[in-house]
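Residue numbers (the UniProt record's numbering): 1 to 416.
Cβ atoms here follow ideal geometry from the backbone N, Cα and C, with glycine treated the same way.
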Ligand code: PMP
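And the structure:
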């Protein structure tokens, strides 16, 4: 047992004799070691069947647990080169400017906006859930002129609506969420890139919740900047975020008049760190998350082994099994049109007469399963169930259905 230290018992500027020798003139600590730090780490097991993160398979956990090497070692650069190739495959792009951010999905979101847009420039953001709201705020904070296209959660935008707004606001950047995880919607992408280019606008797409689960082809669909997260269908731990920039996007961001507001997210530095700038030497910029990159590499390897198309069809097959089971339980799916449902994150309209928070708490307590409620504008509208990557299989879908059936029975009179 470690004896408690009190400030009264340790004079400042003391001469202390310790097991390792005498320290002269050092202030003694006045804050004792916290009791929680003297207990071992405890992490419960949870079925992560919400909108993310999803459970990490042992193979990826093991990769992340390998002894680390230096972030500037040649072997690390080799691993980063592999990651770049893995992202190019996952995104279906041959963009040279492809890398992984050190940080979560938001880091890639901010990186894209900060590097592409200069203060005072016009940006158009499609808001049909929380992610558009976030991007609009990020762009506003860095001084862009932000215009929005708006739908309530579950809504989507026609190409005619997008074209009208592009003609009106003449933005340098248009943002659209491919997999709107707060609403459970997968947005149609065909033709959007062409319309943007007709108006000399770059297209930025968020695929954090959809990559690997719903078809998306960066080059063929003329997407200029695409980003995702590591913790959804890729099944790596949270903390790294693949991103890619087209030639057009590079032309805009490397011919700016002003420096991007963030040093950490400045693509001039990041492109050098990832060996994308053609320079012979890589110069220290920041210390990347080495273990996170190991895990990300493994998750991209699993996707490459499975094949993108197989991954897409597998997610659709399991989602359809889940949707049918949910309807058999008498539940209503929030997105009516099957073709607009995101296979990775299913939204259910909150069943009448139930307190959604109580349903979630019951399922967590009795089944160790995480589902979540809505997010941002969809709070109070939906329950969200995610079966992504490693978690996406019939046994887990059956577990989801059994847990919900049980909760609907046990929580029946929960609402006044
Ligand atoms: N975009 C979408 C569609 C998301 O689902 C999420 C995460 N829920 C994010 C962006 C933000 O990602 P992160 O939490 O990794 O920053």
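Nearest to residue 407 (by Cα), restricted to the options 381, 382, 378, 351
Of the residues 381, 382, 378, 351, the one whose Cα lies closest to the Cα of residue 407 is 351.
Can you check the segment 229-267 for any beta strand (DSSP E) of at least 3 residues that lies completely inside it and give the ranges in chain order?
The qualifying runs are 240-245.
Please identify the residue among 295, 129, 82 whose C-alpha is closest to the C-alpha of residue 347.
Of 295, 129, 82, the residue nearest in Cα terms is 129.
Just to confirm the assignment: which complete alpha helix (DSSP H) runs, minimum length 4, are found wholly within the segment 316-367?
With a minimum length of 4 residues, the continuous alpha helix (DSSP H) runs that stay inside the segment 316-367 are 356-367.
So, under 8 Å CB-CB, residue 215 and residue 228 are touching, yes? Tell me the CB distance rounded to an integer number of Å.
Separation of the CB atoms of residue 215 and residue 228 is rounded to 14 Å, and the pair is thereby denied contact status at 8 Å.
Which one of 157, 143, 142 has the shortest CA to CA distance from residue 149?
Comparing Cα positions, the closest option is 157.
Would you mind reading off the limits of the beta strand (DSSP E) that contains residue 61?
The continuous stretches of beta strand (DSSP E) do not include residue 61, which lies in the alpha helix (DSSP H) extending over residues 58-64.
Local Cβ density within 10 Å of residue 47, reported as buried at 16 or more and exposed below that
Buried.
Just jot down, in chain order, the residues whose CB lies closer than 6 Å to any heavy atom of the ligand PMP.
Cβ atoms closer than 6 Å to the ligand PMP belong to 51, 52, 104, 105, 106, 131, 177, 179, 181, 206, 208, 209, 229, 238.
Let me confirm a value: residue 200 is counted as buried when at least 16 other C-beta atoms fall within 10 Å, else exposed. Which label applies?
So residue 200 counts as exposed.
Could you give the residue range of the beta strand (DSSP E) that holds residue 126?
Counting along the chain, the beta strand (DSSP E) containing residue 126 begins and ends at 122-127.
Could you round the C-beta distance between residue 49 and residue 396 to whole angstroms and report it? I think they count as a contact, below 8 Å.
Right, the Cβ-Cβ distance comes to about 7 Å (below 8 Å), so this counts as a contact.
Give the single residue among 249, 403, 264 whose Cα lies nearest to the Cα of residue 107.
Of 249, 403, 264, the residue nearest in Cα terms is 264.
Mind the definition here: the segment 223-238 touches the segment 109-118 only if three or more C-beta pairs lie below 8 Å; say whether that holds.
Yes, the segment 223-238 is in contact with the segment 109-118.
If you measure between the beta carbons of residue 390 and residue 55, is that distance less than 7 Å?
Judged by beta-carbon spacing, residue 55 lies within the 7 Å limit of residue 390, meaning their Cβ atoms are closer than that value.
Taking only the alpha-carbon atoms, compute the straight-line gap between residue 421 and residue 212 and give it to the nearest angstrom.
Coverage of the chain is limited to positions 1 through 416, which leaves residue 421 absent and any answer about it impossible.
Residue 459 - DSSP class collapsed to helix/strand/coil
Given a span of 1 to 416 for the chain in the structure shown, any question on residue 459 remains unanswerable.
Taking the alpha helix (DSSP H) that residue 82 falls in, what are its first and last residues?
Under the DSSP assignment, residue 82 falls in the alpha helix (DSSP H) whose first and last residues are 74-91.
Three or more C-beta pairs under 8 Å: does that hold for the segment 243-253 against the segment 85-98?
Judged by Cβ distances under 8 Å, the segment 243-253 makes contact with the segment 85-98, as three or more pairs qualify.
Host beta strand (DSSP E) of residue 100 (start-end):
Bounds of the beta strand (DSSP E) holding residue 100 are 97-102.
Looking at C-alpha atoms only, which residue of 297, 66, 51, 266 is the closest neighbour of residue 285?
For the options 297, 66, 51, 266, the alpha carbon positioned closest to that of residue 285 is the one of 266.
In terms of alpha-carbon separation, which member of 105, 195, 38, 124 lies closest to residue 169?
Per the Cα distances, 124.
Are the segment 360-371 and the segment 274-294 in contact at 8 Å, needing three or more beta carbon pairs?
Taking a cut-off of 8 Å on C-beta distances, the segment 360-371 does not touch the segment 274-294, as fewer than three cross pairs fall below it.
Measure the alpha-carbon distance for residue 355 versus residue 374 and round it to whole angstroms.
Taking the straight line joining both Cα atoms gives about 13 Å.
In chain order, what residues of the same chain lie with their CB nearer than 8 Å to the CB of residue 77, ignoring the 5 residues before and after it?
Here the set comprises 275, 282.
Rank 257, 74, 117 by C-alpha distance to the C-alpha of residue 280 and give the top, closest one.
Nearest of 257, 74, 117 to residue 280, Cα basis: 74.
So what does residue 146 bridge to, in DSSP terms?
123, per the DSSP bridge assignment.
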